[in-house]
Structures are given as C-alpha cells and as structure tokens.
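Student: Chains P and C are the protein sequences, given in the same order.
Each step along the first sequence adds one to the number in the working numbering, with nothing skipped, and position 178 is 178.
Each step along the second sequence adds one to the number in the working numbering, with nothing skipped, and position 190 is 190.
We treat Cβ as the ideally placed atom computed from N, Cα and C, and that holds for glycine.
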Amino acid sequence: MKAAISTYPKFAVVGHPNKGKSSIVASLAQDDTVQISDTPGTTTKKRSFPFKVDGKILYELFDTPGFQRARKVLAWLEQHDVSANKKHEVVQQFINQHKNDPQFNDEIELLEPIMEGAGIIYVVDGSRPYGEEYEAEMEILRWTGQPSMALINHIDETDYSEEWKRALGHYFRMVRTYNPMSANIKDHISILESMAQLKEEWISPVKASIKLFENYQERMLQKSSEVIAKLVYVSVSVVEKLPIPSDEASDEEKKKIEDNYKNRLRRLEEDTQKKIEDIWNHEHLRKQQPLLPFKGMDLFSEESASIFGLTRKELLVTAATSGAITGAGIDLLFAGHTLLLGAAAGAVVGTVGAYFGFNELSEVKILGKTLGKHYLQMGPMENRNFPYILLGRAIWHTVQVAKRSHAKRGVVNLAMDSSFKERWLDESLRKSLENYHKKFRSGKELEAEVLNEYGKLIQKILEGLIGNEGSLKQLPDTH
Amino acid sequence: MNLRSYLDLYSLLQEDTSTPEERRAFGLSHVTVKDKPIEQLLAWMEEHRYQLKKPLLSEAFSSTLYSVSLTLVAIAFVLGLLSGIGLLSYNGHEPVNVIYFMSMVIFVPLFTMTLTLFSMLRANSVQSLLVHISPAFWMERLLQLLPHKTQEDLKNLKVNPLLANWIVIKRSQVIALAFSFGLLCALLGMVATKDIAFAWSTTLHVTPEGFHSFLSTLAFPWRDFFPWAVPSVELIEQSQYFRLGDKLSEEMVSNASKLGEWWKFLAFATLFYAIILRFLLYLLSSVGLKRAIRRSFLSLEGAKKLLSDMNEPIISTHAKQNEAVFRQTESLYSNVADSLDASYDLVLGWAIPKEQLTVISESMKVIAPRHYEVGGANTLEEDNEVIHLSHGEILLFVKAWEPPTMDFIDFLEALTKYVDKIVVYPVGTMQEQYRPREKEIDVWARKLSTLNHKKVWLKR
Ligand SMILES: Nc1nc2c(ncn2[C@@H]2O[C@H](COP(=O)(O)OP(=O)(O)OP(=O)(O)O)[C@@H](O)[C@H]2O)c(=O)[nH]1
Ligand SMILES: [Mg+2]
C-alpha cells in the first residue's frame with residue numbers, strides 16, 4: 001500500500017438507493033453527465049469526480065451505488081467482532097473476501113473508496129420518514145472508522161427532517177441540509193466548508209479549493225460577459241452581402257438577403273448560447289425557447305415600427321463595389337481599418353439607408369455601375385431596440401444557465417419572463433449601454449478597450465442577477 | 001519585438017490549435033516571463049513559430065512593404081531632385097531667387113513636421129485624419145491601384161489601426177527624407193556643374209539688415225561653428241534683386257562670382273531643417289511604432305484568450321470518463337392484484353413496526369391471525385424464523401417510498417418456498433393515509449419483474 005500518494009482529501013457520497021446521491025455529486029462537481037433517474041440502482045459503479053487545478057487533484061468526490069444488502073454485510077462483520085481499533089480491518093477483510101461475489105457488488109463499490117481513506121457523506125431524503133432499516137447501513141459505516149457527516153436532501157416538499165436529525169445524531173457528528181436542485185454557490189461552499197471539518201488535515205486543502213472554486217465562478221461570469229459583449233457587437237455591426245447580377249434588385253433577392261441576415265443573427269445568438277452553456281458546464285443542456293424575434297421590436301417605443309418594414313428602418317441598401325473598394329489592391333495596411341474613402345461611402349449609404357426608402361438608393365447604384373460589381377447589403381443593425389432585445393435574451397439565458405443545477409435532467413423552457421426587462425434594465429443603465437450601441441452601429445472599427453468596458457458593464461448586470469443575492473429563481477424543467 | 005513578430009503572432013493565433021492545457025502548461029513552465037503579458041506572448045511565439053506555414057505572412061508583408069517603400073523612396077528622391085533642379089535653374093532672365101529654395105527646405109519641412117507631430121499625438125485614435133493626408137498614405141494608395149499580385153493572405157490581414165497609423169507616419173518620414181536628399185543632391189550638383197547667380201527678392205519691405213538678422217536666426221544651429229555658411233550683410237545687399245531697375249543688376253554682374261556664396265547657407269539649411277530635423281522625427285516615429293506594436297500585441301485577436309489560458313489555472317470538477325447511459329426497463333409487472341382479499345394467513349410488514357402494521361391492516365379492512373415485522377431492524381435470523389412459520393397466502397406491506405433493495409428480494413425469494421401466494425402491497429406514509437404514489441408503485445413493479453415469480457403479486 002502506497003499511502004503517501006493520496007494525501008488529498010477524498011469524500012464518498014453514500015446512502016440508500018435513490019436518495020439523491022448522484023444528484024448531490026452532480027451538483028458539487030458541476031457535472032451534467034451524471035446518470036440520475038428516479039429508478040433505484042441507477043448508479044452501479046463508483047465514480048470519481050476529482051477537483052483538479054492544473055492537473056493536480058485538490059480533493060476527490062465519489063459517487064457510489066446505494067446499499068442493497070446492508071444487513072447481510074453487517075451480520076458478516078459482527079460475526080468477526082473485534083475491538084474497536086480493529087473494526088476497519090474486518091471491513092477490509094470483507095471486501096477482500098467478497099471481491100468477486102456479485103451479491104455484494106454494490107456494497108464493495110461503495111466501501112472501497114471509504115477504505116482508501118475517503119470521508120463519508122451519508123445522504124438521506126428528509127422528505128420521507130425515517131425508518132429503522134437505515135441503521136444497518138449507518139452501523140457498517142461506523143465500522144469503517146472513517147470520519148463522516150450526514151446530508152439531508154429533500155426530494156419532496158414534505159418534511160421529516162426533525163426525526164431524521166434525531167436519528168442521524170446518534171451516528172454522525174455533523175448533520176447538514178443540502179438540496180442539490182436548488183443550491184446556490186453559497187450553499188455549495190458552505191457544504192464544502194463542512195466537508196473540510198471532517199478531518200483536521202483536510203481543512204487547509206479544502207479551504208484552498210474553496211478559494212479557487214470562488215475564483216472559478218467569478219471567471220465564469222467574466223467569460224460570459226465577454227462572450228455576450230462580443231455577441232452584441234458582432235450582431236449589431238455585422239454586414240450581410242449578396243452579389244446581384246444587375247443594378248436592380250429583384251424581390252426574391254431582397255427576400256433572400258433579408259433571410260440570410262436574420263439567419264446570420266440567429267446563428268450568432270445560438271453559437272453564443274452554446275459557448276455560455278459550455279462555460280457553465282452545461283454542455284448537455286436541453287432547452288426550448290422562442291426564436292430571436294424580428295417583429296415588433298418596440299421595446300422602448302421610440303421606434304415603434306418593426307425594423308424590417310421597408311421604409312425608414314429599411315436597411316436594405318444597394319451598394320456597389322469593385323476591387324477598388326474592397327480588394328487588397330486598395331490597401332494592404334488598412335484593410336479592416338475604415339478608410340477615409342470607405343468611411344465617406346459608408347456615411348452616404350448609411351444616411352440614405354436611414355432616411356430614405358429602398359428606391360431612393362438608386363444613386364448609389366449608379367456609382368456601382370461605374371465601379372463594377374453590385375451587391376445588396378444589409379446591416380449594420382439600425383434598429384435601436386435590437387441590441388437591448390438581444391442583450392436581454394443573452395442575459396436571461398446566462399442567468400438561467402448559471403443558476404441551473406447540474407443535477408437537473410429535464411428540458412428547460414427559456415421563454416423570458418415578461419417582467420425580466422424591468423429587473424435588469426433601468427434608465428441610467430440604458431443610457432450607458434446606448435453609448436456603446438451607438439459605436440457598434442457606426443460601422444467603424446472598434447477599439448478593443450471599448451468592447452472591454454462594455455463587457456464589464458454586462459458583468460455588473462450579471463453579478464447583480466446571479467451572485468449570492470441574485471434575485472432570480474432557476475426555471476423549472478418542462479416535461 | 002518588431003512588426004515581424006507582431007505578424008508572426010497574428011498568423012500563429014489564427015492557425016493555432018493548441019489546447020488550453022498546453023497553453024496553461026506553457027504559462028506554468030515559463031516562470032521568468034510570468035506577469036509580463038507581452039514577454040509571455042513573445043516567448044510563446046518564439047516557441048511555436050516553427051508551426052507557421054511558409055512563406056511566412058510576415059515575410060510576404062515585409063517584402064511587400066519593403067518594395068513599396070523602396071519604390072516610394074525612389075520616387076520621392078527623384079521628385080526632390082527634379083524640384084531642386086527646377087528651383088535652381090537660371091532661366092536667362094532672372095537670377096535664382098533663394099527664397100523659393102529656402103521655403104522648400106525650411107518652411108515646408110517645418111510645417112509638415114508640425115503636422116506629423118500632431119498626427120503622432122493623435123495616432124492612437126482609430127482614424128487619424130492627419131494620417132490620411134500623409135503623402136505616404138496616398139502615394140501608396142495610388143501605387144496599389146496598379147495591378148500587381150498580392151498574396152491572398154495579405155488581403156485578409158487586419159492590422160490594428162493604431163499600428164497602421166504609426167507605420168504610415170514612420171514611412172512618411174523616410175519618404176520625406178528621400179525627398180530632402182533629392183533637394184540636397186540637386187543643390188550640390190547644380191552648384192558643382194553650373195555657375196548659379198543667387199538673388200533674393202520680395203515685395204515686402206525688408207531691409208538687407210533685417211533680412212540678415214532673420215537669416216542668422218535661421219542659421220542658429222550652425223552659425224557659431226561655420227560662420228561662413230551665413231550670408232554676410234554685404235552679400236545680402238549685393239544680391240537683392242528688384243524686378244524693375246537696372247542699377248542693381250550692374251552691381252550684381254560685377255559681383256557675380258560672390259553671389260554663388262549663397263549655396264553654403266542653402267546647403268546647411270537643407271541639411272539641418274530638411275534632413276537632421278526630419279531624421280529626429282524619424283527616430284521619434286520609430287519609437288512610436290515600437291510602442292504601438294507593443295500595445296497592438298495585446299489587442300491581437302486571440303491574444304487575450306491565449307494570455308488568460310496561460311495565466312489562469314485550469315479547474316476541472318467533472319468525472320474522468322462519461323458514465324454508461326442508464327436505461328430504464330419498461331417491463332410492467334403483469335401479476336397484478338386489483339383488490340385485496342378479506343383475510344390472509346399472515347400479514348407481514350417490510351420495515352414496518354408491528355403496531356403500525358396492525359393499524360394499516362385495520363384501515364385496509366384485512367383480517368389475519370398474525371402480524372410480523374420483517375426486514376427493518378430485524379436480524380436475518382429473526383426474518384428466517386418468520387419465513388419458516390409462514391404458509392398459505394401472505395400479504396406483505398412495504399413502504400412505497402423506500403426503494404426495494406436486494407435485501408428485500410432475497411427475503412421474498414426465500415419466502416416463496418414456503419407459501420402459495422404473496423401479495424406485495426406498497427403503502428404510502430401515514431400522512432398520505434397510506435395511499436402510495438403511482439410512480440412509486442412503478443418502481444416496485446419494475447423491481448418485482450426482475451424476480452418474476454408467479455407466486456408474487458403486486459397490489460396496485
Ligand atoms: N425535487 C428534487 N428531486 C431530487 C432531489 N434530489 C434527488 N432528486 C431526484 O431523486 C431521484 C434520484 O436521484 P439520484 O441522484 O439518481 O439518486 P441516487 O441516490 O444516486 O440513486 P441510485 O444511483 O439509484 O442509488 C432523481 O429522480 C432525482 O431527480 C432534490 O433535491 N429535489
Ligand atoms: Mg446514483
């Protein structure tokens with residue numbers, strides 16, 4: 001036995017079948033792949049969930065199958081009764097002797113990590129009454145001689161925790177309540193703190209892990225805000241182009257570019273959502289949500305018509321190009337840098353797009369004739385409400401993902417709560433956001449710093465909604 | 001750190017396939033550059049440069065930049081030479097007015113250098129108008145309208161605007177230098193090959209003394225070292241030229257050989273104002289460009305991510321491997337009893353204490369001679385005793401909410417050997433008036449189907 005290797009703390013989550021062991025592990029390890037179901041016996045093998053920092057394990061959690069033949073195991077142990085200081089050796093003997101006995105598969109799976117030094121986290125369901133049949137299990141755990149605590153989970157609304165606490169108090173020094181489905185970061189950390197108390201030498205490594213875990217959460221927020229900032233910037237500034245053969249655009253061509261543009265925006269949103277889900281370790285999230293709307297974007301009623309009504313907010317412009325404007329020929333250094341020339345042309349197109357309808361743009365088309373190819377262009381987004389709609393949706397999505405328990409396996413409906421807008425957006429925030437949106441719309445190259453500041457602003461919003469005091473509840477699953 | 005390393009990093013970041021783990025390992029293993037983001041980026045680039053596909057983008061860019069610059073420098077030099085020759089040519093009617101040449105080598109440079117200084121200050125703003133009016137910018141623009149092959153990659157290259165501004169500023173200085181050299185060469189060449197009669201003339205009322213003090217002010221950098229390169233009052237008087245009147249032209253003719261002395265002043269003025277000052281500005285722009293490159297490093301697409309990957313610990317909390325997907329068996333138990341009989345030979349309660357068991361029986365209106373608790377806190381021997389005295393039809397109450405364990409199945413299996421029929425009846429909690437939930441009964445049904453014994457019935 002090389003005991004020196006595994007000096008980091010280990011914890012085995014054990015208990016009766018179907019009492020939420022895997023749910024607790026999924027929540028503590030933020031792992032949404034753990035198999036969780038309401039059928040007892042879902043977990044059949046012990047599984048390790050190491051908390052790793054740069055490849056180094058700081059502590060390790062184990063999910064285990066539930067006890068199946070506790071009385072038989074206890075009977076065996078009691079037949080080999082010895083003095084208290086030898087009891088754990090008897091447990092080891094039991095494991096050694098029954099290694100290949102399928103009868104005790106589950107017990108051995110769950111006892112092994114404990115005998116290798118794991119602290120015990122005994123999980124019970126406090127929403128169901130206590131029963132004497134639990135005593136055999138607790139007795140076996142006592143035989144292992146490992147430090148232990150009990151966690152009361154509430155699978156249901158009913159509450160029997162008082163009788164549970166009385167019973168558990170006889171076996172465990174520490175009895176805590178933890179709900180894997182609704183726990184927030186504060187609860188999470190508080191449980192880790194209790195786990196640290198199991199053994200004196202675990203206190204400092206677990207405390208260190210808690211610190212790192214808090215930073216990790218902080219970084220998730222930061223990364224999310226960066227991703228969202230980028231989404232809004234790109235969506236507002238993105239330009240969709242469609243080459244057309246003549247200087248006159250047909251209705252199909254207009255429809256086509258409009259569709260392309262909308263799809264592009266939707267795809268951007270989709271990709272961002274995926275990134276956010278990955279950041280929060282919800283890679284397997286299943287969700288339902290309404291598509292990004294393009295009608296009735298009258299969030300602030302300042303511009304009440306929909307953006308795609310073909311008049312003022314018609315962004316469909318015909319512009320013209322040739323190698324002279326976009327190719328490398330014009331400029332090696334300044335590709336991507338709005339050129340004086342480009343800026344001037346952009347300004348013309350922009351104002352025309354904003355103040356006149358589609359037909360009035362023929363001026364630009366004539367310019368195209370002399371310069372070469374024609375194309376239809378849509379974007380940057382002129383609608384003032386669009387960035388708020390997009391941002392609101394992104395924030396809502398992020399909050400829901402961030403708050404979502406990793407133990408949930410259902411489909412979440414992300415339809416936005418109608419009161420949500422008032423909760424994140426007030427007039428002063430809108431003013432500060434508008435400054436950025438204006439820059440995004442301008443079509444000019446953005447300084448990296450500006451996007452950074454915008455991201456910081458979003459991070460503040462997210463912190464207000466997700467942090468410990470964050471007021472939003474996680475959404476229930478739909479079935 | 002130079003433009004080349006900037007571009008190499010740019011292309012590396014675009015093609016990079018390194019994993020966050022590799023990046024973090026790099027960050028951890030390069031302790032000397034820790035907390036110095038730019039040094040970290042440089043170190044990372046040095047270590048990964050070999051991955052870049054040849055020809056390097058930076059080489060293509062530099063060579064294009066170099067050849068464009070060279071062309072521009074040559075053009076500027078020729079322009080300088082030609083305008084110098086033009087300014088110094090004696091057209092046969094009038095002597096060469098030094099004022100023209102002076103403005104070309106003193107006032108125009110001073111003015112453009114002031115503009116350059118302004119554009120340096122403003123270079124950080126994304127679009128500096130001053131940069132756009134730079135001759136280098138436009139000459140380059142024109143050059144590139146001429147058809148020539150450019151690398152595909154260069155087409156998509158996005159240089160940071162700040163950097164682009166500084167590149168233009170720096171190159172404008174080189175071009176201006178070339179132009180000034182052209183002027184100087186023209187001056188020296190003309191002086192060597194021709195006899196030029198210099199004169200000065202102005203409509204303004206300037207006395208020769210006044211003009212002299214003005215010139216010696218202009219000559220302040222060299223007048224103490226090379227006094228002969230400052231025109232004397234006498235020379236100035238002799239070379240003043242009026243369009244109308246012939247008195248002075250005679251005097252000029254008699255002093256013709258002296259008038260050539262002007263060239264020394266002009267040469268020094270060119271050297272100082274158009275060349276040395278410009279060169280200082282060039283040095284300044286080099287420094288500016290260096291700093292711009294430094295700053296641009298951090299705003300390169302992907303650089304921030306690379307740095308954070310290097311510097312932030314990788315935290316992972318999830319399991320090593322994925323778990324096999326759990327498949328729920330759908331089989332529903334067919335041995336179902338819809339109703340209870342009025343009496344049984346024995347009523348058992350799995351982990352249900354005896355007092356509670358009798359209460360349940362009563363509430364179900366079931367009569368039985370005996371009630372026993374099995375499982376629960378019983379020992380296995382106690383259970384065995386109950387099994388041995390069992391016979392006939394048994395009603396077995398179980399707590400619906402507790403999952404059926406293998407312990408229970410073992411017991412059930414043993415019991416079947418002694419009895420004719422077992423009705424397993426899952427009951428809810430007392431608070432629920434012993435009514436079980438559908439879902440809970442399903443769990444029991446599934447478990448019983450693993451045993452699948454014809455004597456075992458499920459009451460639902
Ligand atoms: N509402 C609610 N349901 C919970 C909670 N904890 C667990 N559950 C549900 O209880 C059921 C069992 O959860 P699991 O985590 O699979 O339980 P387990 O102890 O790992 O079960 P086995 O692996 O079969 O021993 C699942 O349907 C969970 O969704 C909780 O806190 N609240
Ligand atoms: Mg499980």
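Name the residues in the segment 96-119 of chain C whose C-beta lies less than 7 Å from a C-beta of chain P; which are they?
Tutor: none
Student: Is DSSP giving T114/C helix, strand or coil here?
Tutor: helix
Student: In chain P, which residues lie less than 9 Å from D407/C when you measure between Cβ atoms?
Tutor: F67, Q68, R69, A70, R71, K72, E133, A136
Student: Is G126/P close to ligand 1? I mean its beta-carbon at under 7 Å from any heavy atom of the ligand.
Tutor: no
Student: Let me check you understand the geometry: is the CB of M181/P closer than 7 Å to at least one non-hydrogen atom of ligand 1?
Tutor: yes
Student: Give me the DSSP bridge partner(s) of Y425/C.
Tutor: F397/C
Student: Who are the neighbours of Q431/C on chain P, taking C-beta pairs under 8 Å?
Tutor: T158
Student: How many Å lie between Y6/C and I293/C at the Cα?
Tutor: 7 Å
Student: Go through its chain and collect everything with a Cβ distance to L396/C's Cβ below 7 Å, but skip five positions before and after it.
Tutor: L348, W350, I422, V423, V424, Y425
Student: Confirm, please, whether the CB-CB distance from A267/C to L187/C is below 8 Å.
Tutor: yes
Student: Contact check, Y388/P vs P205/P under 8 Å by CB: the rounded distance?
Tutor: Not confirmed; about 46 Å, so no contact.
Student: In chain C, which residues lie with their C-beta within 7 Å of the C-beta of Y216/P?
Tutor: I315
Student: Does the separation of the CB atoms of L28/P and L61/P fall below 8 Å?
Tutor: With contacts defined by Cβ atoms closer than 8 Å, L28/P and L61/P form a contacting pair.
Student: Could you tell me whether the segment 32-42 of chain P touches the segment 60-79 of chain P, using the rule of 3 or more Cβ pairs below 8 Å?
Tutor: yes
Student: Identify whether Y372/C lies in helix, strand or coil by the three-state DSSP scheme.
Tutor: Of the three classes helix, strand and coil, the one that applies to Y372/C here is strand, per DSSP.
Student: Just verifying my parser: in three-state terms, what is the DSSP assignment at M381/P?
Tutor: In this structure, M381/P counts as coil in the three-state DSSP scheme.
Student: Select from G379/P, G410/P, N100/P the residue whose C-alpha is nearest the C-alpha of R286/P.
Tutor: G410/P
Student: Considering only residues of the segment 14-92 of chain C, which uninterrupted alpha helix (DSSP H) runs meet the minimum length of 4 residues and lie entirely inside it, listed in chain order?
Tutor: Correct list: 20-29, 37-48, 57-88.
Student: Out of curiosity, what's the CA-to-CA distance linking F358/P and I257/P?
Tutor: With a pLDDT of only 27 at F358/P, under 50, the local geometry of the prediction cannot be trusted, and no value is derived from it.
Student: Assuming I276/C is part of the alpha helix (DSSP H), what are its boundary residues?
Tutor: Unbroken run through I276/C: none, as it is neither H nor E.
Student: Going by DSSP, which residues form a beta bridge with S316/C?
Tutor: K52/P
Student: List the DSSP bridge partners of A196/P.
Tutor: None, per the DSSP bridge assignment.
Student: Counting only Cβ pairs nearer than 7 Å, list the residues of chain P close to A219/C.
Tutor: Going along chain P, no residue has its Cβ under 7 Å from A219/C, so there is no contact; the nearest lies around 39 Å.
Student: Using 8 Å as the limit for Cβ to Cβ distance, is N2/C near chain P?
Tutor: No, no contact with chain P.
Student: Using a beta-carbon distance cut-off of less than 9 Å, what residues from the segment 317-342 of chain C approach chain P?
Tutor: T317, H318, A319, K320, Q321, N322, E323, A324, V325, F326, Q328, T329
Student: When the distance is taken between beta carbons, is N184/P closer than 8 Å to N153/P?
Tutor: Not in contact: N153/P and N184/P (Cβ atoms no closer than 8 Å).
Student: For a quick check, are the C-beta atoms of V412/P and R423/P less than 8 Å apart?
Tutor: No, the Cβ-Cβ distance between V412/P and R423/P is not below 8 Å.
Student: Which one or two residues does DSSP pair with K10/P in a beta bridge?
Tutor: Looking at the DSSP assignment, K10/P forms a beta bridge with E60/P.
Student: Is any non-hydrogen atom of ligand 4 found closer than 7 Å to the C-beta of S308/C, if you look at the structure I gave you?
Tutor: This structure does not include ligand 4; its bound ligands are ligand 1 and ligand 2.
Student: Can you tell me whether A337/C is helix, strand or coil according to DSSP?
Tutor: Here A337/C sits in strand by DSSP.
Student: Comparing C-alpha positions only, which one of N18/P, H88/P, E226/P sits nearest to L451/P?
Tutor: E226/P
Student: Please tell me whether F51/P has its Cβ less than 8 Å away from any Cβ of chain C.
Tutor: yes
Student: Enumerate, from N- to C-terminal direction, the unbroken beta strand (DSSP E) stretches of 3 or more residues contained entirely within the segment 144-181 of chain P.
Tutor: 148-153, 174-177
Student: Is the Cβ-Cβ distance between A26/P and H282/P less than 8 Å?
Tutor: no
Student: Whose CA, out of G428/C, Y434/C, P208/C, M406/C, lies closest to the CA of A70/P?
Tutor: M406/C
Student: Candidates D420/C, E440/C, V419/C: which alpha carbon is nearest T429/C's?
Tutor: E440/C
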